[in-house]
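Chains as they are written, first to last, in my numbering: chain A, 1 to 483; chain B, 1001 to 1176; chain C, 2001 to 2247.
Here's the structure, in structure tokens; my notes come after.
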Amino acid sequence: MAEYNKKAENDHTKAELHNHGEEYFREKHLMLDPLPRGQMNEMVMESMHTTSWKFWAVFAVLSAIVAYGLVYTWAKMIMEGLGIAGVNRPAYWGVFLVNTVFWIGISHAGTFISAILRVFKAEFRRPFTRAAELMTTFGLVQAGFSIFMHLGRVWLFYWLMPYPNERMLWPNMHSPLTWDLLAITTYLLSSTMYLFLPLIPDLAMARDRSTGWRKTFYKTLALGFRGTEGEWTHLRNAMNIFAFAIIPVMFSVHTIVSWDFAAATRPGWNSTIFGPYFVVGALHSGMGAVIMVLAVVRGTMKNMKYFIRPEHFEAIGKLMLIISMTWAYFFFNDYMVQWYGGDKWTHQLLHFHEAGPLGWMWFAMLIFNVAIPWAVLWNRRWRSTPWIAFIVGLLINVGMWFERYIIIPVSLSINRMPFTWRLYEPGVEIPLGIGTLAFFILLYMAASRLIPLVPVWEVQEGQMAHALKKYGRETVVTVSELE
Amino acid sequence: MADNISLLAVFPDLEPAADAIEQLRALGLTDNHMNVISGIPVTEAMLGRPSQWTNVPRLAAGGAVLGFLGAVFLTVVVPYLYPYPIQVGPQAFVPGPPTVVILFEITMLGMLLSTFLGVFLDSYFPNYRPMEYVKEVSDGKIAVFFICPEESKEKFTKAMTALGAEKVEVAEVEHL
Amino acid sequence: MATLADLKISEVKLSEEHVGKWGMVIDQDMCTGCQACVAACAMENNLSFVGEEDSGYGRSMHWIRIERFWEGEYPEVKMTPNQPMMCQQCGSAPCEPVCPAFATVHSQAEQLNLQVYNRCVGTRYCANNCPYQVRSFNWRDYERPEPLPNQLNPDVTVRRRGVMEKCTFCIQRIHKAQDKAKSEGREVADGEFTTACAQACPASAITFGRVDDPDSLVSQLARVHGHGVKHLEELGTLPNVTYFKGG
């Protein structure tokens, strides 16, 4: 008898099942810890207005990095040509493409959280859908920069757009790059619209609580939203359509990006599994980035500790573990099939990946993408801890960047003409890439000062739907289907 | 002919607001004399109100059709507009799989763009003219706006206050 | 406006009987590796001078290169026959469908793969997709100090940075010969003109001509040797250059 009691005391999981008071649930779950809407509004507005000197210091440093790394270096590259970058024969594509795929991958997490989690009615998404959706828009901006940078004659980029012109030519619809352009444009427009629609009621709230230039800013953007039955109906209808429709768009975008490689005749690229492999890879790095952003937002912005809680890190951490397993599955699929039945060029390529000068990158990729997430995220307490989740997310992002580096410039070094085999060494791609990263963070910081980061109306909607109910002796969380 | 005035009553919660709607109906107002403005999307059913119409799904479908037609133009019509047929690789003039990709993407673009613009169209956004509004709404309150004859103002005010209205006042038309 | 009749012209013959029009035969046993073809091509086609550093990093602009390999371990090292490699003018070119700007298309009249400099935006997808890796990109604007501009061939465009280029089978010479023959009211005779690389080769290792004409020198050579190979034929690119070695 005594033994059983001691075990029950030490075992947290068991204790959770039995009769916890309301206090326990309130502390753990945002949805069961409602505050008056006015107070939550006040908290969000306060977090937007409270800016310390540290914020401005970081802002200044990032601005300097953007000015040098992005603006100056890109201008120099346009004037002098791609020769100052590291691309050559046979690695005609290098870090610019790696960064493009990387940023598009990051942008997928936003859609995953705001659309897929919405469709599956995962209530824990509510406080951070906007924070994730902002990542999508800003990530796609960086992807756009990265792909424009890699063009030889970027000042003529508009020739790739479909419009009637005096050359009497339309873009080549056979080319995966044209599909890329159309898909990414569709995705950028759609996710910006999907960011804006749920933002309108919060802009109206900000308008009601602001004065001066801020009031004019929010008033213009809020479009005169009041909250009438008609406005809510149109808005929610549109949001439902968007949530369902943007999911296939999201899948198609990264699949089409993967077809830039899979449609080519290079050994190691011409793999039929690239479509889903890249989509899962995008989710992998994206979710890692979301966790990083949430950890930073919760740690640095006022009042965010109320909205973003360990339960959110726990839920995202679980998802990250599943996605990491899925990524490992697709990676192994691709690798095993090439290793087993591949031709001599593919075998040369695989050998070069593992044992070549950049073999360390290949191993690091596997450790960061698979070993570390599997070793850490299974544990509920670890994945609920923001700083641990941040580190895992960071390592996953590094690992996924390595994965794309291996797929693009490292794979390009090996082809069917051995006389042309040559290593790729990045040149100005490094400052330009760092510039895009700095610009991403800069945009995000600017948005955090201008836009309410938490969709308070969605949080309140969720809190309305959640209740505690007693089943026999056990208190359980229930969710009503309000929609 | 009696003068009508616009009154508004602000309620802190769902139940009193729903009761108020019923009471207004009992006092002789029809549904189109009432308007509910709220800070969270309480559905019409929760308040006992008739369902709201919306054109957004129809506009979305229309946009999808337009997008599809645009994509058909780009993939099937355009190759024949060139003065000289352009041959690229072993692929047919109108290649199968690339056509499917383009059709899908531009259909989705058309659908989502028209959904977005449909919200604007249906809600008459952007609307910067002065309108009836109370700031409490964005703090989560439910405001019931109704038009009643001027001489019954006292009766209605008392009825709303009895049901728990935080404030009952004449609805002013003002810039938001 | 293209019609249905034109559509018939544009169907590429994918079957085994693909013949093409202009082609080459390269006898690797004759090739001495002297690189005269490389120099002649550079002069004829206004190639830029890239310099030692960029060349060493894989940015040489040469439209034709001599590939050298060896077999065995030191000291029993054996040189294998030199392999001139240039654009194979594939009948079913993988570089063509992937250009978003239609800068590389198939010429119906000449059965060649065209590179249209003034449509190229520089995405370099074509170069990635070429199995022979014969495409060169203008990574910079390379200098031509005086008096080198005097050497430029007026029949060929000078390319600037950001544009892809490759061997054209000296299409300017093809057109010149065709124009001359047309003005004289006759067909172009076999051997009337040839490409710069074939012209310069002291060992006559490169032969250029009409592969669809069974009486042309290039077709005869192909028949005589009998064991010619086309590189990477298994990819289905239908290249127009036949290589001989070990004869």
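We treat Cβ as the ideally placed atom computed from N, Cα and C, and that holds for glycine.
The model shown is predicted, which means the values in this text are computed figures rather than measured ones.
Hey, would you say residue i sits closer than 8 Å to residue j, going by beta carbons?
i       : j       : result
C/V2163 : A/G152  : yes
A/N369  : A/H254  : no
B/M1034 : B/A1064 : no
A/M250  : A/Y187  : yes
B/G1067 : B/T1107 : yes
B/F1212 : B/L1027 : Outside the shown range of chain B (1001 to 1176) lies residue 1212 of chain B, about which nothing can therefore be said.
C/K2166 : C/S2136 : yes
C/A2203 : C/A2040 : no
A/G81   : A/P431  : no
A/W362  : A/H353  : yes
B/R1058 : A/E229  : no
C/P2084 : C/C2034 : no
In its own chain, which residues sit with a C-beta less than 6 Å from the C-beta of residue i, not counting the 5 before and 5 after it?
i       : result
A/A85   : G427, V428 and E429
A/D208  : none
A/R125  : I113 and L117
A/A467  : T478
A/L134  : A447
C/L2114 : V2105 and S2107
A/I147  : T100
Going by CA-CA distance only, name the one from the options that's closest to residue i.
i       : options                               : result
A/I396  : A/A143, A/I372 and A/R383             : A/I372
A/H174  : B/R1058, B/P1083, B/A1092 and B/A1162 : B/A1092
A/R449  : A/A289, A/P162, A/L203 and A/R26      : A/L203
A/G342  : A/G317, A/W269 and A/W53              : A/W269
C/N2045 : C/M2030, C/M2061, C/D2141 and C/L2235 : C/M2061
A/I407  : A/A57, A/F102, A/V61 and A/T420       : A/F102
B/A1143 : B/D1003, B/N1004, B/L1014 and B/G1089 : B/L1014
A/H312  : A/L62, A/A389 and A/V66               : A/A389
A/G281  : A/L62, A/V61, A/V477 and A/V98        : A/V98
A/F439  : A/I65, A/Y335 and A/A364              : A/I65
A/A143  : A/A375, A/G472, A/L437 and A/E481     : A/L437
A/R383  : A/E314, A/G105, A/G224 and A/R298     : A/E314
A/A132  : A/Y194, A/N172 and A/L358             : A/Y194
A/N379  : A/L442, A/G317 and A/A262             : A/G317
C/V2229 : C/A2042, C/H2175 and C/I2026          : C/I2026
A/S107  : A/M48, A/R236, A/I367 and A/T129      : A/T129
A/T385  : A/R236, A/L197 and A/R309             : A/R309
Along chain B, in chain order, which residues have C-beta atoms closer than 9 Å to that of residue i?
i      : result
A/W179 : P1098, V1101, I1102 and E1105
A/R37  : G1039, I1040, S1138, D1139, G1140 and K1141
A/M173 : L1074, T1075, V1078, P1079, V1094, P1095, P1098, T1099, V1101 and I1102
Within its chain, find whatever has a CB closer than 7 Å to the CB of residue i; leave out the 5 residues flanking it on each side and keep chain order.
i       : result
C/V2249 : Since the first residue shown for chain C is 2001 and the last is 2247, residue 2249 of chain C is missing from the structure and cannot be characterised.
A/A243  : A115, R118 and V119
B/L1047 : A1017, A1018, I1021 and V1036
A/T111  : T136, S191, I246 and M250
A/P276  : F330
C/L2148 : none
B/P1126 : none
A/V279  : F251, H254 and T255
Along chain C, in chain order, which residues have C-beta atoms closer than 7 Å to that of residue i?
i       : result
B/V1088 : E2096, P2097, V2105 and H2106
A/E80   : R2140
Indicate, with yes or no, if the ligand MN has a heavy atom lying under 7 Å from the CB of residue i.
i      : result
A/M173 : As for the ligand MN, it is missing from this structure, which has no ligand bound.
Can you tell me the Cβ-Cβ gap for residue i and residue j, rounded? I've got them flagged as a contact below 8 Å.
i       : j       : result
A/A206  : A/P455  : 12 Å between Cβ atoms; not a contact.
A/W345  : A/R416  : 5 Å
B/S1038 : B/V1137 : 6 Å
C/D2190 : C/R2173 : In fact, because the Cβ distance is near 14 Å, the residues do not count as touching under 8 Å.
A/L377  : A/M292  : About 14 Å; that fails the 8 Å criterion.
A/L169  : C/V2121 : Rounded, the Cβ-Cβ distance is 12 Å, inconsistent with contact.
Spatial neighbours of residue i within its chain, please: CB distance less than 8 Å, with the 5 preceding and 5 following residues excluded, ordered by chain position.
i       : result
C/K2078 : W2070, E2071 and G2072
C/L2232 : P2131, Y2132 and P2239
B/T1075 : V1094, P1098, T1099, I1102 and L1103
C/V2116 : F2102, A2103, T2104 and V2105
B/V1072 : L1103
A/F157  : F148 and L151
Name the chain A residues whose beta carbon is nearer than 7 Å to that of residue i?
i       : result
C/L2232 : R416
C/V2121 : L151, G152, R153, L156, F157, W159 and L160
B/T1054 : T233, H234 and N237
B/A1060 : I241
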